[in-house]
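Remarks on the structure that follows.
Number of protein chains: 2
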Amino acid sequence: MPRPRKFRESDVISSAGEVFAVRGLAAATLDDLVRATGLGKQSLYNAFGGKRELFFRALSEDREEATRAVSEALGHDDASPLERIRGHLLTMAIEFSSSDRRVSLTTRALVESTGEEDPLSTATKAGIEQLAGIYARCLEHARENGDLAEDVNVQSLALYFVAVTRGMELLGRAGVGRGVLTAVALDALRALRGQRMEEPDDRPSVQE
Amino acid sequence: MPRPRKFRESDVISSAGEVFAVRGLAAATLDDLVRATGLGKQSLYNAFGGKRELFFRALSEDREEATRAVSEALGHDDASPLERIRGHLLTMAIEFSSSDRRVSLTTRALVESTGEEDPLSTATKAGIEQLAGIYARCLEHARENGDLAEDVNVQSLALYFVAVTRGMELLGRAGVGRGVLTAVALDALRALRGQRMEEPDDRPSVQE
DNA sequence: CAAGTTTTTGACCATATGGTCAATAACGTA
DNA sequence: TACGTTATTGACCATATGGTCAAAAACTTG
């Protein structure tokens, strides 16, 4: 009975996400969104709410997409867990060295959220944890494989990879090229190699 | 002869920087700046120019400050280069786990710059390189000390540390606490340990 | 084909924004 | 103490912003 919509929500969210990724939440204007999505202001408004709500939807989609991508990269069985992480990081190096002006919405939300209780902040934390969870699972497999020392802290190592990838994203944004970013990724992977050997940490503890 | 200013530029820049660090360039309003600095709009305007110019000044100051801090942490002679890096990273872990909403202006500029030719972008790139240079110098010393393998790529390793610290900053922003962040920092440091041994990289190359 | 429901359209609005102007105030020097 | 210079103040402005309203349009079902 009701008049059907002319658009698919997913299309709109994806276009809007593109705008947000390039301009940021605060800097993107409603007009940018209208232009990018093709919808009228009002249509946008009663379908989604407002700018923040739309960003929120885009953020969720971005998060799902990122989760899916990482899961896929780390979940295959064609290589050892550590090799899969290696492959994933190298892929990221290529992706982040692209010259488009995109910044992942997770990073944007992290940086643009206004307070601890901002829904953006909450969602982002959840996203980070989810991502870390994926790394953790893969690292756990590596440990079971014997590729990682038994006493490795899989949780912190997972977060370490989240940090490294975020950092690589920023580096890419700063114009660091593909070759160098790949080298950085390889450096980052050495943190894993160190884990394999039981070498006791005999280095003196500096200012802790 | 002329009427003297009531303020010190450095004070104003520092207050403005605080605002920018907490709210971001786009989200900070001129009024926020007026309130934070205590100056009138016009005074602000003819002393600095506008919002962007003021941000630019604040960014420069932030960059100098960051450079100074890292130089200090890595430049002392009381410990081996690697130990100094270790200490520095642990310090960062503490700093980034603070609950204030600050984000370094470098990161903000990186994320909020609008294009490749944006002055913000240029300045930020320079900042990153400068920072990397400091790490590189320290790593170079480590190599001379024999704490790092001869064939280590000091440049990429330096950028690796820039990436790691940026990533840690974001993690802190996501609410990751001091303990975990410290663990992440220690993980990151293992990338160095891996360098010390000449173990050939016999791992198969995955999708490069 | 008519009714009912929702979308769309485009005009509209209050507000807040970054920025400017002109008048006044404050200071050092002559 | 008067002058010249610059800083300050507060009113002012055009614009762009996020958001809203009411009327028209579109589709499905009865």
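Sequences listed follow chains A and B, in order. Residue numbers for the first sequence follow my numbering, so the first one is 1244 and each next one is one higher. Residue numbers for the second sequence follow my numbering, so the first one is 1244 and each next one is one higher. We put the beta carbon where it would ideally sit given N, CA and C, even for glycine.
Kindly give me the distance between the Cβ atoms of residue i and residue j, rounded to whole angstroms, as I take these residues to be in contact under 8 Å.
{"i": "A/Val-1265", "j": "A/Leu-1282", "result": "Actually they do not touch by this definition, with Cβ atoms about 18 Å apart."}
{"i": "A/Phe-1211", "j": "A/Phe-1291", "result": "Residue 1211 of chain A is absent from the structure shown; chain A starts at 1244 and stops at 1451."}
{"i": "A/Ala-1316", "j": "A/Gly-1330", "result": "7 Å"}
{"i": "B/Thr-1334", "j": "B/Glu-1412", "result": "That belief does not hold up - the Cβ atoms of B/Thr-1334 and B/Glu-1412 are roughly 13 Å apart, past 8 Å."}
{"i": "B/Leu-1353", "j": "B/Asp-1305", "result": "With a Cβ gap of about 12 Å, B/Leu-1353 and B/Asp-1305 do not count as contacting."}
{"i": "B/Val-1405", "j": "A/Leu-1414", "result": "7 Å"}
{"i": "A/Asp-1390", "j": "A/Ser-1323", "result": "6 Å"}
{"i": "A/Leu-1325", "j": "A/Ala-1385", "result": "5 Å"}
Please classify residue i: is it buried, with 16 or more other beta-carbons within 10 angstroms of its beta-carbon, or exposed?
{"i": "A/His-1319", "result": "exposed"}
{"i": "A/Lys-1249", "result": "exposed"}
{"i": "B/Ala-1374", "result": "For clarity, residue 1374 of chain B is Leu in the given sequence; the question names Ala instead. With 16 or more Cβ atoms within 10 Å of its Cβ, B/Leu-1374 is classed as buried."}
{"i": "A/Pro-1443", "result": "With a pLDDT of only 39 at A/Pro-1443, under the threshold of 50, the placement of this residue in the model should not be trusted, and no figure is reported."}
{"i": "A/Thr-1280", "result": "buried"}
{"i": "B/Leu-1332", "result": "buried"}
{"i": "A/Lys-1294", "result": "buried"}
{"i": "B/Arg-1436", "result": "buried"}
{"i": "A/Pro-1447", "result": "Note that A/Pro-1447 scores a pLDDT of 41, beneath 50, so its modelled location is shaky and nothing firm can be said."}
{"i": "B/Glu-1252", "result": "exposed"}
{"i": "B/Ala-1392", "result": "exposed"}
{"i": "A/Glu-1454", "result": "With chain A covering only 1244 through 1451, there is no way to say anything about residue 1454 of chain A."}
{"i": "B/Pro-1245", "result": "exposed"}
{"i": "A/Lys-1284", "result": "exposed"}
When the Cα of residue i is compared with those of the options, which residue comes out closest?
{"i": "B/Val-1407", "options": "B/Cys-1381, B/Gln-1285 and B/Asp-1430", "result": "B/Asp-1430"}
{"i": "B/Asp-1343", "options": "A/Glu-1360, A/Leu-1400, A/Gln-1285 and A/Val-1313", "result": "A/Glu-1360"}
{"i": "A/Val-1419", "options": "B/Ile-1371, B/Thr-1349, B/Ile-1377 and B/Gln-1285", "result": "B/Ile-1371"}
{"i": "B/Val-1397", "options": "B/Cys-1381, B/Glu-1338 and B/Asp-1274", "result": "B/Cys-1381"}
{"i": "B/Glu-1307", "options": "B/Ala-1379, B/Ala-1366 and B/His-1384", "result": "B/Ala-1366"}
{"i": "A/Ser-1314", "options": "A/Gly-1376, A/Asn-1388, A/Leu-1276 and A/Pro-1362", "result": "A/Gly-1376"}
{"i": "A/Ile-1328", "options": "A/Arg-1278, A/Glu-1383 and A/Ser-1364", "result": "A/Glu-1383"}
{"i": "B/Thr-1357", "options": "A/Pro-1247, A/Pro-1245, A/Ala-1271 and A/Ser-1303", "result": "A/Ala-1271"}
{"i": "A/Ser-1258", "options": "A/Leu-1273, A/Arg-1246, A/Met-1244 and A/Pro-1247", "result": "A/Leu-1273"}
{"i": "A/Ser-1286", "options": "A/Asp-1321, A/Pro-1247, A/Ala-1312 and A/Arg-1311", "result": "A/Pro-1247"}
{"i": "B/Leu-1363", "options": "B/Glu-1296, B/Asp-1275 and B/Arg-1278", "result": "B/Glu-1296"}
{"i": "A/Ser-1399", "options": "B/Ala-1336, B/Leu-1276 and B/Ala-1312", "result": "B/Ala-1336"}
{"i": "B/Glu-1338", "options": "B/Glu-1355, B/Ala-1312 and B/Asp-1275", "result": "B/Ala-1312"}
So, using beta-carbon positions, are residue i and residue j closer together than 7 Å?
{"i": "B/Val-1427", "j": "A/Tyr-1288", "result": "no"}
{"i": "A/Gly-1260", "j": "A/Ala-1301", "result": "yes"}
{"i": "B/Ala-1417", "j": "A/Lys-1368", "result": "yes"}
{"i": "A/Ser-1340", "j": "A/Leu-1432", "result": "no"}
{"i": "A/Gly-1422", "j": "B/Arg-1409", "result": "no"}
{"i": "A/Ala-1269", "j": "B/Ala-1434", "result": "no"}
Extract the residue ranges of the alpha helix (DSSP H) inside the stretch 1329-1389 of chain B, only unbroken runs of 4 or more that lie entirely within it.
You should have 1348-1355 and 1362-1388.
Could you give the uninterrupted runs of the beta strand (DSSP E) lying entirely in the stretch 1296-1332 of chain A, keeping only those of 3 residues or more?
Note on the stretch 1296-1332 of chain A: there is no whole beta strand (DSSP E) run with a minimum of 3 residues.
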